[in-house]
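Have a look at the structure below, then the notes.
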Amino acid sequence: MHACSIRNLTKEYVLKSETVRALRGVSFDVPEGDYVAIMGPSGSGKSTLLNLLGCLDQPSDGELLLGEDNVARMTDDQLAEIRSRRIGFVFQSYNLIQQLTVVENIQVPLYYQGKLGAKERQRCIDLALRVGLAERLTHRPMQLSGGQQQRVAIARSLVNDPYFILADEATGNLDSKTTAEILALFDELNNEGRTIIMVTHEDEVAARAKRVVRLRDGLLQSDEQNDPAERAEAAAKALEMAPAE
Ligand SMILES: Nc1ncnc2c1ncn2[C@@H]1O[C@H](COP(=O)(O)OP(=O)(O)OP(=O)(O)O)[C@@H](O)[C@H]1O
Ligand SMILES: [Mg+2]
């Protein structure tokens with residue numbers, strides 16, 4: 215099955231004086247288990263595409279299938295439902311709630327669905343352990359490093375068993391050692407079958423994905439698989455430059 219399927223996707227922003235054609239007919243599929251880096255120059259349409267994939271906005275035309283959901287013609291309410299239940303967001307700025315603990319932050323997407331039982335809480339603790347935060351379960355974001363905060367965000371993104379993790383410059387605020395750790399976590403999650411779609415402008419980050427999709431002027435410029443041997447080399451190099459403690 216495809217985690218998502220995009221056909222002739224178009225997005226126009228209609229302004230008073232002009233219409234900006236941010237996406238001009240983009241098509242590609244993301245099979246389950248894929249790991250895609252979206253690249254392209256400033257203004258090429260990356261954020262626009264990410265917003266559509268994340269159900270934060272509606273396309274002007276074209277098809278957008280997320281799993282079994284055809285979201286291209288959904289109402290705002292339906293989009294919000296898919297967004298909160300089936301998409302895992304990881305942002306550059308973590309977007310954690312300062313008053314809540316690590317486990318509570320991971321629980322936030324469930325809170326909106328009224329799912330707050332012991333079973334759900336245990337699931338959030340398990341996810342915190344999964345991302346390496348066993349010693350930090352009751353800490354608050356302020357008491358965590360940037361890398362630890364991003365781990366909380368990644369655990370939170372997984373709590374609803376999403377179609378895919380959507381990461382927007384997820385390592386943009388992190389130093390190279392912490393970036394290496396977060397990318398190693400993405401590798402592990404992808405090896406476990408998680409689908410990852412990320413926007414990045416860094417070649418070293420894109421080299422870690424299985425596939426690189428490049429946009430230019432709202433069109434798909436290229437769509438290439440990374441060589442597995444080169445991927446492994448990039449991962450090894452990142453670890454070497456930033457050895458684990
Ligand atoms: N809300 C909006 N209203 C009008 N035009 C917009 C809007 N959002 C984006 N655009 C325009 O659409 C085009 C694509 O923008 P987008 O933000 O998707 O680019 P990007 O690839 O994410 O760029 P960057 O690397 O700078 O973040 C640009 O020309 C931009 O000015
Ligand atoms: Mg952008």
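Residue numbers (my numbering): 215 to 459.
Don't be surprised by glycine CBs; every beta carbon is placed ideally from N, CA and C.
Short Cβ contact (8 Å threshold) for residue i with residue j
| i | j | result |
| --- | --- | --- |
| residue 338 | residue 279 | no |
| residue 320 | residue 377 | no |
| residue 258 | residue 386 | no |
| residue 423 | residue 250 | yes |
| residue 357 | residue 396 | no |
| residue 303 | residue 388 | no |
| residue 440 | residue 421 | yes |
| residue 355 | residue 312 | yes |
| residue 226 | residue 256 | no |
For residue j and residue i, the rounded distance between their alpha carbons
| i | j | result |
| --- | --- | --- |
| residue 215 | residue 392 | 33 Å |
| residue 374 | residue 450 | 31 Å |
| residue 416 | residue 253 | 8 Å |
| residue 347 | residue 370 | 12 Å |
| residue 261 | residue 412 | 10 Å |
| residue 221 | residue 418 | 29 Å |
| residue 305 | residue 351 | 21 Å |
| residue 372 | residue 333 | 15 Å |
| residue 402 | residue 232 | 45 Å |
| residue 270 | residue 454 | 38 Å |
| residue 310 | residue 284 | 30 Å |
| residue 341 | residue 229 | 43 Å |
| residue 438 | residue 324 | 36 Å |
| residue 223 | residue 241 | 6 Å |
| residue 286 | residue 268 | 12 Å |
| residue 367 | residue 425 | 23 Å |
| residue 359 | residue 414 | 22 Å |
| residue 291 | residue 447 | 45 Å |
| residue 435 | residue 239 | 12 Å |
| residue 307 | residue 362 | 12 Å |
| residue 394 | residue 330 | 34 Å |
| residue 335 | residue 299 | 17 Å |
Near ligand 2: residue i beta-carbon under 7 Å from a heavy atom
| i | result |
| --- | --- |
| residue 225 | no |
Contact test: residue i Cβ vs ligand 1 heavy atom, cutoff 7 Å
| i | result |
| --- | --- |
| residue 260 | yes |
| residue 231 | no |
| residue 371 | no |
| residue 236 | yes |
| residue 274 | no |
| residue 239 | no |
| residue 386 | no |
| residue 436 | no |
| residue 256 | yes |
Of the residues the options, the one placed nearest residue i, counting alpha carbons only
| i | options | result |
| --- | --- | --- |
| residue 272 | 430, 297, 257, 425 | 297 |
| residue 265 | 364, 436, 322, 294 | 294 |
| residue 398 | 445, 435, 341 | 445 |
| residue 429 | 227, 230, 229, 237 | 237 |
| residue 408 | 226, 234, 247 | 247 |
| residue 316 | 447, 349, 275 | 349 |
| residue 406 | 289, 290, 344 | 344 |
| residue 263 | 382, 443, 299 | 382 |
| residue 314 | 282, 353, 281 | 353 |
Heavy atom of ligand 3 within 7 Å of residue i beta-carbon
| i | result |
| --- | --- |
| residue 369 | In the structure shown, ligand 3 is absent; the only ligands present are ligand 1 and ligand 2. |
> What runs of the alpha helix (DSSP H), each 4 residues or longer, lie entirely inside the region 233-298?
Replying inline: 260-267
> What residue ranges within the region 293-359 form continuous beta strand (DSSP E) runs of no fewer than 3 residues, ordered along the chain?
Replying inline: Fully contained in the region 293-359 are the following beta strand (DSSP E) runs of length 3 or more, in chain order: 301-305.
>> Ignoring anything shorter than 3 residues, give me the beta strand (DSSP E) runs that lie fully in the region 404-456, in order along the chain.
In response: 410-413, 425-430, 433-439
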